[in-house]
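Engineer:
Number of protein chains: 2
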Amino acid sequence: MAPINQLNPSPRVLLGPGPSDVHPRVLNAMATPLLGHLDPQFLEIMNEAQELLRKTFRTANRLTFPVSGTGSAGMETCVVNLIEPGDRMVVCVNGVFGQRMKDVAERAGAVVTPLDKPWGDIFELDELRQVLQKVRPKVLGIVHAETSTGAWQPAEELGKLCHEFDTLLLLDTVTSLGGVPVEVDGWGIDAVYSGTQKCLSCPPGLAPVSFSTRAVEAMNRRKSRVQSWYLDMTLVQRYWGEERFYHHTAPISMIYALREALRLVHEEGLEARWARHLRNHKALKAGLAALGIQYAAREGHQLPTLNAVLIPEKADDLATRKQLLSEFGIEIGGGLGDFKGKAWRVGLMGYSSRANNVLLFLAALEQSLATQGVPFSRGAGVSAAGQSYR
Amino acid sequence: MAPINQLNPSPRVLLGPGPSDVHPRVLNAMATPLLGHLDPQFLEIMNEAQELLRKTFRTANRLTFPVSGTGSAGMETCVVNLIEPGDRMVVCVNGVFGQRMKDVAERAGAVVTPLDKPWGDIFELDELRQVLQKVRPKVLGIVHAETSTGAWQPAEELGKLCHEFDTLLLLDTVTSLGGVPVEVDGWGIDAVYSGTQKCLSCPPGLAPVSFSTRAVEAMNRRKSRVQSWYLDMTLVQRYWGEERFYHHTAPISMIYALREALRLVHEEGLEARWARHLRNHKALKAGLAALGIQYAAREGHQLPTLNAVLIPEKADDLATRKQLLSEFGIEIGGGLGDFKGKAWRVGLMGYSSRANNVLLFLAALEQSLATQGVPFSRGAGVSAAGQSYR
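Chains as they are written, first to last, in my numbering: chain R, -6 to 383; chain Z, -6 to 383.
1) Straight-line CA distance for Lys127(Z) to Leu161(Z)?
2) Taking CB distances under 9 Å as the criterion, tell me whether Leu7(Z) reaches chain R.
3) DSSP on Pro17(R), reduced to helix/strand/coil?
4) Taking C-alpha atoms, which residue in Leu299(R), Phe90(R), Lys315(R) lies nearest to Leu8(R)?
5) Give the range of the alpha helix (DSSP H) segment to which Gly328(R) is assigned.
6) Could you please give the first and the last residue of the uninterrupted alpha helix (DSSP H) stretch that includes Ile135(Z)?
7) Rounded to whole angstroms, what is the Cα-Cα separation between Leu45(Z) and Trp267(R)?
8) Arg51(Z) and Leu263(Z): beta carbons closer than 9 Å?
9) Along chain Z, which residues have their Cβ under 9 Å away from the Cβ of Val97(R)?
10) Between which two residues does the alpha helix (DSSP H) holding Ala211(R) run?
11) With a Cβ-Cβ cutoff of 9 Å, do Ala208(R) and Leu56(R) count as a contact?
12) Hey, does Pro12(R) have any beta-carbon neighbour from chain Z nearer than 9 Å?
13) Does the contact criterion of 3 or more C-beta pairs under 8 Å hold for the segment 323 to 331 of chain Z versus the segment 363 to 372 of chain Z?
14) Would you say Arg256(R) faces chain Z, with C-beta separation under 9 Å as the test?
15) Excluding the 5 residues preceding and the 5 following Ser203(Z) in the sequence, name in chain order all residues of the same chain whose CB lies nearer than 6 Å to its CB.
16) Measuring only between beta-carbons, confirm whether Pro305(R) sits less than 9 Å from chain Z.
17) Out of Cys71(R), Asp80(R), Thr106(R), Pro78(R), state which residue places its alpha-carbon closest to the alpha-carbon of Val86(R).
18) Going along the chain, which residues of its own chain have a beta-carbon closer than 7 Å to the beta-carbon of His259(Z), five neighbours each way excluded?
19) Ordered along the chain, which non-local residues of its own chain (more than five positions away) have a Cβ less than 7 Å from that of Asp114(R)?
20) Strictly under 9 Å for the Cβ-Cβ distance: is Val15(Z) near chain R by that measure?
21) With DSSP as the reference, label Tyr344(R) as helix, strand or coil.
22) Given that a residue counts as buried once 16 or more other Cβ atoms are within 10 Å of its Cβ, and exposed if not, what is Pro10(R)?
23) Once you ignore the five residues that flank Ile245(R) on each side, which residues in its own chain have a CB closer than 7 Å to its CB?
24) Starting from the C-beta of Pro174(Z), find all residues in its chain whose C-beta is less than 7 Å away, skip the five residues before and the five after it, and write them out in chain order.
25) Compute the Euclidean distance between the alpha carbons of Ala101(R) and Gln190(R), then round it to the nearest angstrom.
26) Rounded to the nearest angstrom, what separates Arg218(Z) and Ser3(R) at their Cα positions?
27) Would Gly328(Z) pass as an interface residue toward chain R - the criterion being a Cβ-Cβ separation below 9 Å?
28) At the level of alpha carbons, what is the spacing between Gly67(Z) and Thr242(R)?
29) Assuming Asn300(R) is part of the beta strand (DSSP E), what are its boundary residues?
30) Identify the continuous alpha helix (DSSP H) that holds Asp452(R) and give its terminal residues.
31) Hey, could you find the ends of the beta strand (DSSP E) Leu255(Z) is sitting in?
32) Rounded to whole angstroms, what's the CA-CA distance from Leu170(Z) to Glu157(R)? Just pull it up for me.
33) With a threshold of 7 Å on Cβ separation, who are the neighbours of Arg122(Z) within its own chain once the five nearest residues in sequence on each side are excluded?
34) Just how far apart, CA to CA, sit Tyr239(R) and Ser141(Z)?
35) What is the DSSP secondary structure of Phe389(Z), reduced to helix, strand or coil?
36) Does any CB atom of chain R fall closer than 9 Å to the CB of Glu157(Z)?
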């Protein structure tokens, strides 16, 4: 075995689908010596993290806290707590994360009706109304920001629609929370999960979740135990609630980090943060357009946080990504599933969403495309992005 | 809402049931800027973490890696991957974590036969043989180091015994790995999980697990899907194995930290580390005996890593723990379950297992007992511990 030396990763500019770059203040918080998970000072830190999370989700939901796992654990938490074997659930599938939710729901014993759309597309209210009318499901699951396609699902009216049919709305906000508007109370969302490593720019490892009163009531009416002990809200909420009853040891350092990341979010202000994400996205899009590069998601529904673009015909997917990483330290993501080999995913999330990164990425991409003999007008991308900022 | 200020926790000496104090090098690793979870450099770091984990578990098992959750997620991972609905499982219950395993197994659909013993006691080979003979279970689950009672279960012969009955051995090493001998291959353990925040002195958030070839074959023979998508080994191992297929975003900073914590383990050497834990435990025990304080677990089977002791008759449980924390910054644990209000749990784990901490804790405890008018001979504890080190 080769010697395992001191950690010394190369510097990176993280413009993939997550993790995004982490602010130095958050990294410092991670290095803070630990308190015990039942220390009164730590309990206060938990309260603060919850308060900041509620403010981020725009909700008064009592049951709002970070699950001790990554975003997918948040998805599983929502599903297994809302679903009992035999419950009907409609899952909207237009990318990898809709597919994943369908899989998770089936494993929880749900009778799943998938609603399929082409990748990159979004769901219209009318189609959703039709399926709700027909299926009358307990839960409708839908992805707000599809990380695999960059599609931005309108979600403002979904809660109202679901509640007409006595259906609970479950929304995936992994790649939207902190980057574009998410209004849990305003939009009538009953269960929501996110990840820390996207627009909140905290390391991966926690999954913020929130449940409405309606969702909590549904959980209280369960006849069977939640299949997962680790993710069982009836137990976990006794630790995150006033009782402070030991369930599992909280990931203390990660909660330090999340609290600091959320402090940064609210120092900037949510509206200012959303505007920043939009501004940098527009500049990137202008730059890419000038290079002849098109977006994969439907026009008018493209996420500012995750820019999925079609790989130019003469460009080599892997070679381009390798060159960006090795020569410039820039990470972007490849395509997943239907988009494998066809799309690049350029994240502009949280601390990574900066003008410097947009200009640097476009300059580096031009360099790489030139190496490969892909035709484009030299300097056009950087110039168009620069103009967009003016 | 009160302003949420910069993180500034009071200094602590963590002598509870976990987390233990984290070495400064591990805290520094946590603050290292992130690589992407599919970055070639990060994949190499994962390989190194796995190699170090195998060395720590003393195993050649290919399927050895940290689950993206805390110790209890490790327990659930082992159970849900080995068990299919209707499978028979024997769970040994002599404390909170045996109880928990029974609960987790039932939720996974196992037909559980619990084997109960009084808290603080351990299981004899003969009793285990009897139940295996009678039940012929697919899995026997047992806790090596019962964190709630401080009981140290002999485990050397368990694998051989289980395999006589074609039973898989599942061992909980949350409070033993890195503190007392754990020999996964030598003892024939088929599935094992641990936590990072105990004797490995890494922050909580990961659960190292390892599966034998026999366990992997059992998983491959499954007829049903694993009920948890997040913890499904058939999926997770495609990311941790050579394929590097995306499953969920790895908790990058936690893996940095674990790698550094394991580097420290092997710089010290496992045998030296076990000896250190034993030495400090003996000094603590001598000191407590001089104060008239008895251990809760059966004599001869008391963990060096977790010292569960009976609270002296005239001492106030909560008042003592509060005074230790507020005056001296020392955290110790209260009792759980049957031991609530009856026992204190003093952890000497990983970086916390140091002579300084033993002497400081005894001195502070004497101070607190004196305040409360509990009778003991002043200075006797510190003096006896000091002599034990000579």
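No residue lacks a Cβ here, since even glycine has one placed at the ideal position from N, Cα and C.
Structural biologist: Put simply:
1) Counting from one through the second sequence, the residue named residue 127(Z) turns up at place 134. Counting from one through the second sequence, the residue named residue 161(Z) turns up at place 168. Computed Cα separation, rounded: 15 Å.
2) Working through the second sequence from its first residue, we reach residue 7(Z) at position 14. Under the Cβ criterion of 9 Å, Leu7(Z) is counted among the residues facing chain R.
3) Within the first sequence, residue 17(R) is the residue found at index 24, counting from 1. Here Pro17(R) sits in helix by DSSP.
4) Here residue 8(R) corresponds to residue number 15 of the first sequence, with the count starting at 1. Taking only the C-alpha atoms, the option nearest Leu8(R) is Leu299(R).
5) Numbered from 1 along the first sequence, position 335 holds the residue referred to as residue 328(R). The continuous stretches of alpha helix (DSSP H) do not include Gly328(R), and DSSP gives it neither H nor E.
6) Stepping through the second sequence from its first residue, residue 135(Z) is reached at position 142. Element bounds for Ile135(Z): not the alpha helix (DSSP H) but the beta strand (DSSP E), 132 to 136.
7) What you label residue 45(Z) is simply residue 52 of the second sequence in a count that begins at 1. What you label residue 267(R) is simply residue 274 of the first sequence in a count that begins at 1. Cα to Cα, the separation comes out at about 42 Å.
8) The residue labelled residue 51(Z) in the question sits at position 58 within the second sequence. The residue labelled residue 263(Z) in the question sits at position 270 within the second sequence. A contact, by the Cβ cut-off of 9 Å.
9) As a first step, residue 97(R) must be located in the first sequence, where it is residue number 104. The answer, in chain order, is Ser221, Trp222, Tyr223.
10) The residue labelled residue 211(R) in the question sits at position 218 within the first sequence. Its alpha helix (DSSP H) spans residues 206 to 213.
11) As a first step, residue 208(R) must be located in the first sequence, where it is residue number 215. As a first step, residue 56(R) must be located in the first sequence, where it is residue number 63. Cβ distance < 9 Å, so Ala208(R) and Leu56(R) count as in contact.
12) Translated into positions along the first sequence, residue 12(R) becomes position 19. Nearest CB-CB separation between Pro12(R) and chain Z: below the 9 Å threshold.
13) Judged by Cβ distances under 8 Å, the segment 323 to 331 of chain Z makes no contact with the segment 363 to 372 of chain Z, as fewer than three pairs qualify.
14) Sequence index remark: in the first sequence, residue 256(R) carries index 263 (1-based). True, the Cβ-Cβ gap to chain Z drops below 9 Å.
15) By 1-based counting over the second sequence, the position of residue 203(Z) is 210. Result list for Ser203(Z): Phe50, Thr52, Asn54, Thr57, Val177, Val185, in chain order.
16) On the first sequence, position 312 is the one that residue 305(R) refers to. Chain Z contact via Cβ: absent.
17) One-based indexing of the first sequence puts residue 86(R) at position 93. Residue nearest to Val86(R) within the set Cys71(R), Asp80(R), Thr106(R), Pro78(R) is Thr106(R) (criterion: CA-CA distance).
18) The residue labelled residue 259(Z) in the question sits at position 266 within the second sequence. Leu45, Lys48, listed in sequence order.
19) For the purposes of this step, residue 114(R) is identified with residue 121 of the first sequence, where counting begins at 1. Asn87, Ala144, Arg291.
20) What you label residue 15(Z) is simply residue 22 of the second sequence in a count that begins at 1. Yes, Val15(Z) lies at the interface with chain R (some Cβ there is under 9 Å from its Cβ).
21) In the first sequence, counting from the first residue as 1, residue 344(R) sits at position 351. Assignment of Tyr344(R) by DSSP, reduced to helix, strand and coil, places it in the helix class.
22) For the purposes of this step, residue 10(R) is taken as residue 17 along the first sequence, with counting starting at 1. By the beta-carbon neighbour count (other beta carbons within 10 angstroms, threshold 16), Pro10(R) is buried.
23) Here residue 245(R) refers to the residue found at position 252 of the first sequence. Around Ile245(R): Leu27, Leu28, His30, Phe35.
24) Reading the second sequence from its first residue, position 181 is the one you call residue 174(Z). Counting only Cβ-Cβ distances below 7 Å, and skipping sequence neighbours, we find Trp267.
25) As a working mapping, residue 101(R) is identified with position 108 in the first sequence. As a working mapping, residue 190(R) is identified with position 197 in the first sequence. Taken atom to atom, the span from the alpha-carbon of Ala101(R) to that of Gln190(R) is near 26 Å.
26) Position 225 of the second sequence, counted from the first residue, corresponds to residue 218(Z). Position 10 of the first sequence, counted from the first residue, corresponds to residue 3(R). Taking C-alpha positions only, Arg218(Z) is separated from Ser3(R) by approximately 39 Å.
27) Taking the first residue of the second sequence as position 1, residue 328(Z) is located at position 335. Answer no: the Cβ-Cβ gap between Gly328(Z) and chain R never drops below 9 Å.
28) Translated into the one-based positions of the second sequence, residue 67(Z) becomes position 74. Translated into the one-based positions of the first sequence, residue 242(R) becomes position 249. Near 12 Å, if we compare the C-alpha coordinates of Thr242(R) and Gly67(Z).
29) Reading the first sequence from its first residue, position 307 is the one you call residue 300(R). Asn300(R) -> beta strand (DSSP E) spans 299 to 303.
30) In the structure as shown, chain R starts at -6 and stops at 383, and residue 452(R) therefore has no counterpart that could be examined.
31) Locating residue 255(Z) in the second sequence gives position 262, counting from the first residue. Segment 245 to 261 is the alpha helix (DSSP H) holding Leu255(Z); no beta strand (DSSP E) there.
32) Counting from one through the second sequence, the residue named residue 170(Z) turns up at place 177. Counting from one through the first sequence, the residue named residue 157(R) turns up at place 164. Rounded to the nearest angstrom, the two C-alpha atoms are 53 Å apart.
33) As a first step, residue 122(Z) is located in the second sequence; it is residue number 129 there, counting from the start. Excluding sequence neighbours, Arg122(Z) sits near Leu154.
34) Working through the first sequence from its first residue, we reach residue 239(R) at position 246. Working through the second sequence from its first residue, we reach residue 141(Z) at position 148. Rounded to the nearest whole angstrom, the C-alpha separation of Tyr239(R) and Ser141(Z) is 12 Å.
35) Outside the displayed span of chain Z (-6 to 383) sits residue 389(Z), for which this structure offers no information.
36) Locating residue 157(Z) in the second sequence gives position 164, where the first residue counts as 1. No, Glu157(Z) does not count as interfacial toward chain R.
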